[in-house]
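Chemist: Before I ask anything, let me first share the structure, which is written out below as structure tokens.
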Amino acid sequence: MREERIQHAGAEAQTSRTDEQPIPEAHPPGPVPGPLRRIPVQPIAGGIFAALVIWFLFLADTRADNDVVGGVRRLWDGIVALPGILTDTDGYRAWWRYVNDREGWDRVLANTLEHVQLVAASMLAATLISIVLGVLLHRVRGLRAPVLGVASVFLTIPSLALFAVFISVPGIGVGDRGPIIALTMYSILPILRNTVTGLEGVDRSIIEAARGVGLSTTQRLLRIELPLAWPVILTGIRIATLLNIGIAAIAPLVGGTGLGGYVRDGLQRYPEFTAVERMWTGVLATVALALVIDLLFNVLRRTTTPKGIRP
Amino acid sequence: MTDENAPTYAPDDAPEPMIRLEGVGKTYPGSSVPAVERLDLDIPKGEILVLVGPSGCGKSTTLRLINRMIEPSEGRILFDGEDVTTVNADQLRRRIGYVIQQVGLFPHQTIAENVATVPRLLGWDKARIRDRVDELLELTGLDPGIYRDRYPKELSGGQAQRVGVARALGADPEVLLMDEPFGAIDPITRDRLQNEFLRLQSEIRKTIVFVTHDIDEAIKMGDRIAILGERSVIRQFDTPERILAYPVDEFVSDFIGSGSTLKGLNFERVRDIEWNTTFPVATEGDDVAEARRRLAASPEVWMLVLDREGRPSRWVNETMLDAPGATLGSVGPQVRAKVLPNATLHDALEELLLSNAGQAVVIDEKGRYQGIVDVDRLADVLKRMRADAKRHYDQLATAAADEAVAST
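Going down the list, the sequences are from chains G and Y.
According to this note's numbering, the first sequence is numbered sequentially starting from 711.
According to this note's numbering, the second sequence is numbered sequentially starting from 6.
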């Protein structure tokens, strides 16, 4: 009977011989043309916007008298004055002279590297903690709400306060240690949430198939789930890093290092000579650093996203 | 397998079981009703067993109990005689291919990497894996040169399931579990994949458990079919022929639906039945009056006219022959309904319904007349199939009764 049924199937197949050709290809072979190399418009626009906001806030805050109407008027005055200030080449020249002749590019670079160290150390710690925690939350559904809740609370603590709190903790004190811990705490939520979201987003049927062919829980995690969730996790790391580059500028206020030193010095000296130049040095270097890091993340995303899941 | 159930669940003519489920059931914690009732099932080696039943009857759950994707809450699973109920489930699954409806290819891996999943887990060396991948792609009808380095997103649904089957066959497992593998594929491609898969199975002879809700697919794919009712209780377990000829109860006959008798005709071939060879036949150019006399003497209404090579050419009746100037070969409708001996009776039925004379003419490879198949003969075949199946079940019942007597 077996034989006959196979033949029967064969006979059926023969009547549709033309159907036996390979199925038409869904895509023509060969590389698909990729998108044009883009200029990172978004980060640049973001940087400029952030710089303007900082500048306005600074302008509006120089007289802390709780006069809202007056504050808005001064803000408006500032906006009106902006073209004048922006076109005042003396300001640029003064800043350039300060950096070029007095401070020196090498010291700006050294401060930038310190800033990078702060951010990198905290990001490394936060990434490790968040991914491990994220995998745990993905497995143990009940933990998700409480842990994410705690991570959200971290973000609501005012940064200056959080930085300062660690001074009183024995073994931490003044210096970079407190800021690194604080920055780590701030970074956990974005990475953690994206790790959970990324792992959640892996198609159920893929997990099912992976189990079905005999991949163990660990193999499934390392070979299937994490690689597929990686683009989402990386986005979380990127967001947290950019956030941290800004927040890290507070570190010098608690005895730490980094580009925040310029802002602090400027505030202390204001309105003396070079005060504004110092502050602008801090702001511009921070924004430039953020732009460069963002570019690096773009490259990282392209190179670490598996080819099969690139958009 | 408990003995009292043996007659119902294990067809007597089945080969050695490859997988044996002994009282395997699943009750989810917190539920008083089992999702799968205690199930005894022998899955014969080298055959396709189809589990078919209405939606929600637990057939997928039953399938997933076999490779312990779902851990059974009771019973034993024997795999070629070896108890695998408590061995490492991941290692067990590497010995059992698994194909699901959604395919579930790993999108970040190339086709070759997907197919190589199990061989890599088993630590095969690179050259062996590469050869195996190419072999499997060829086997499933994909050109390795074109598809090896592609990614799943570049494949159509049909191609993806071919890769899914190739991945499941990765390390040449004895057993293949398929959960509605062609369910999400368009009808034309599905038909093609089914045919190709049957041809593939005739080469590889795996033990296959195939889940579907489509009775037609079950009939087409299955060497044996288990029709499952609620909570995966087996309502009938037999060859498709016998299930079609003799549904054991209302549930089964409702499920296989109307037209099951006609579907049964697919399992018999023209060469297996007796043809009518005494049908009145004449050859072109014969004497008309002589032919007319012979036709009048026979009980038939029509006479078949052959050409000089013995090939059927026209049908004639008495009125046509009576027409003035009629010669054999010039009057009467052309013979269109011709079948080869290896055609199925279903084909023959279709032909004879279309034919003017209500007869299907059997011809040999050269087109020469061999005999006639008519509706009466097909009806006889159906009656015989039904009687055979009934006798089979009667014998089983008697044997079971005897055994029950002997054991008390």
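Just so you know, even glycine gets a beta-carbon here, dropped at the ideal spot from N, CA and C.
Note down the Cα distance separating Pro-981/G from Trp-990/G, rounded to an integer number of angstroms.
Modeler: The alpha-carbon atoms of Pro-981/G and Trp-990/G are separated by roughly 13 Å.
Chemist: With Glu-79/Y as the anchor, note down where its beta strand (DSSP E) starts and where it stops.
Modeler: First-last of the beta strand (DSSP E) with Glu-79/Y: 79 to 84.
Chemist: In this structure, how does DSSP classify Phe-242/Y when only helix, strand and coil are distinguished?
Modeler: Phe-242/Y falls in the strand class under three-state DSSP.
Chemist: Starting from Met-183/Y, follow its DSSP beta bridges and name the residues at the other end.
Modeler: Per DSSP, Val-104/Y and Phe-215/Y.
Chemist: Pull up the CB-CB distance for Leu-249/Y and Val-168/Y, whole angstroms please, since I reckon it's below 8 Å.
Modeler: Actually they do not touch by this definition, with Cβ atoms about 34 Å apart.
Chemist: Name, please, each residue of chain Y whose Cβ falls closer than 7 Å to the Cβ of Gly-852/G.
Modeler: Those do not exist, as Gly-852/G stays about 16 Å from chain Y at its closest Cβ, beyond 7 Å.
Chemist: Bridge partners for Arg-25/Y per DSSP, in chain order?
Modeler: Beta-bridge pairing links Arg-25/Y to Asp-47/Y and Leu-83/Y.
Chemist: Answer with yes or no whether the minimum CB distance from Arg-373/Y to chain G is below 9 Å.
Modeler: No, because no Cβ of chain G sits closer than 9 Å to the Cβ of Arg-373/Y.
Chemist: Let me confirm a value: Asn-810/G is counted as buried when at least 16 other C-beta atoms fall within 10 Å, else exposed. Which label applies?
Modeler: Looking at its Cβ environment, which holds fewer than 16 other Cβ atoms inside 10 Å, Asn-810/G is exposed.
Chemist: Which bits of chain G does Trp-126/Y rub up against, with CB to CB less than 8 Å?
Modeler: What sits at residue 126/Y in the sequence shown is Leu, not Trp. Chain G residues near Leu-126/Y: Val-923, Gly-924, Leu-925 and Gln-929.
Chemist: By a C-beta neighbour count over all protein chains shown, 10 Å radius and 16 as the cutoff for buried, is Glu-356/Y buried or exposed?
Modeler: Buried is the call here.
Chemist: Which term fits Val-257/Y, buried or exposed, when burial requires 16 or more other beta carbons within 10 angstroms of its beta carbon?
Modeler: By the 10 Å Cβ count, Val-257/Y comes out buried.
Chemist: What are the residues that DSSP puts in a beta bridge with Pro-317/Y?
Modeler: DSSP lists Leu-311/Y as partners of Pro-317/Y.
Chemist: Which value, in whole angstroms, describes the spacing of the CA atoms of Leu-120/Y and Val-138/Y?
Modeler: Residue identity differs from the one stated: residue 120/Y is Val in this sequence, not Leu. Straight-line Cα distance between these residues: approximately 6 Å.
Chemist: Let me make sure I understand the geometry here. Which of Trp-280/Y, Val-238/Y, Phe-187/Y and Thr-122/Y has the alpha-carbon closest to that of Val-108/Y?
Modeler: Nearest C-alpha to Val-108/Y: Phe-187/Y.
Chemist: Can you find the residues in the same chain that come closer than 7 Å, C-beta to C-beta, to Ser-832/G, ignoring five residues on each side of it along the sequence?
Modeler: The residues are Ile-890, Leu-893, Thr-894, Ser-897 and Asn-954.
Chemist: Please look up how many angstroms separate the CB atoms of Val-3/Y and Val-104/Y, rounded, as I've assumed it's under 8 Å.
Modeler: No answer is possible for residue 3/Y: it lies beyond the span of chain Y, which begins at 6 and ends at 413.
Chemist: Using a Cβ distance threshold of 8 Å, determine whether the stretch 830 to 849 of chain G contacts the stretch 936 to 950 of chain G, with at least three qualifying pairs required.
Modeler: In short, these stretches touch, since the Cβ pair count reaches three.
Chemist: For the stretch 228 to 291 of chain Y, which segments carrying the beta strand (DSSP E) assignment without a break, of at least 3 residues, lie completely within its bounds, in sequence order?
Modeler: Qualifying beta strand (DSSP E) stretches, in chain order: 229 to 233, 239 to 243 and 286 to 288.
Chemist: What would DSSP say about Glu-159/Y, mapped onto helix, strand or coil?
Modeler: If DSSP states are grouped into helix, strand and coil, Glu-159/Y belongs with the helices.
Chemist: For Arg-391/Y, which option in Ser-265/Y, Asp-136/Y and Met-308/Y has the closest C-alpha, if you only look at C-alpha atoms?
Modeler: For the residues Ser-265/Y, Asp-136/Y and Met-308/Y, the minimum Cα distance to Arg-391/Y belongs to Ser-265/Y.
Chemist: Using DSSP with H/G/I as helix, E/B as strand and the rest coil, what is Lys-343/Y?
Modeler: Strand at Lys-343/Y.
Chemist: I want to verify the contact list: residues of chain Y whose CB lies under 9 Å from the CB of Leu-938/G, in sequence order.
Modeler: Neighbours of Leu-938/G on chain Y, chain order: Phe-111, Pro-112 and His-113.
Chemist: Less than 9 Å separating the beta-carbons of Glu-273/Y and Leu-350/Y?
Modeler: Yes; because the gap between Cβ atoms is below 9 Å, this pair is in contact.
Chemist: What does Pro-1021/G reach in chain Y if we use C-beta pairs closer than 9 Å?
Modeler: Those do not exist, as Pro-1021/G stays about 10 Å from chain Y at its closest Cβ, beyond 9 Å.
Chemist: Straight-line CA distance for Ala-736/G to Gln-164/Y?
Modeler: At Ala-736/G the pLDDT is 41, less than 50, meaning the model places this residue with poor confidence and gives no usable figure here.
Chemist: Hey, out of Phe-1007/G, Gly-956/G and Trp-940/G, whose CA is closest to His-113/Y's CA?
Modeler: Per the Cα distances, Trp-940/G.
Chemist: What does the Cβ neighbour count give for Trp-786/G, buried or exposed, with the cut at 16 atoms within 10 Å?
Modeler: Trp-786/G should be labelled exposed.
Chemist: Specify the secondary structure class of Ala-40/Y as computed by DSSP and reduced to three states.
Modeler: Note: Ala-40/Y maps to coil in three-state DSSP.
Chemist: Who are the Cβ neighbours of Glu-201/Y in its own chain at under 7 Å, not counting the five residues just before and after it?
Modeler: The answer, listed in chain order, is Gly-146.
Chemist: Taking 8 Å as the cut-off, does the stretch 18 to 34 of chain Y touch the stretch 954 to 972 of chain G (at least 3 CB pairs, one atom from each stretch)?
Modeler: Cβ pair count under 8 Å is below three, so no.
Chemist: Just to make sure I have the definition right: I need the residues of chain Y whose C-beta is within less than 9 Å of the C-beta of Pro-1016/G. Which are they?
Modeler: Here the neighbours are Pro-112, His-113, Gln-114 and Tyr-156.
Chemist: Counting only the same chain and skipping the five closest in sequence on each side, list residues whose C-beta sits under 8 Å from that of Val-742/G.
Modeler: Residue confidence is low: Val-742/G scores 38 on pLDDT, short of 50, so the model does not pin down where it sits. Its coordinate-derived value is still stated next. Closer than 8 Å at Cβ, skipping near neighbours: no residue.
Chemist: Fully enclosed by the stretch 866 to 933 of chain G, which alpha helix (DSSP H) runs are 4 residues long or longer?
Modeler: The qualifying runs are 869 to 875, 887 to 910 and 914 to 922.
Chemist: Which bits of chain Y does Ile-901/G rub up against, with CB to CB less than 8 Å?
Modeler: The contacting residues do not exist; Ile-901/G stays about 21 Å from chain Y at best.
Chemist: Looking only at its own chain, which residues have a Cβ that is under 6 Å from the Cβ of Arg-1012/G, when we skip the five neighbours before and after it?
Modeler: Closer than 6 Å at the Cβ level, and outside the excluded window around Arg-1012/G, lies no residue.
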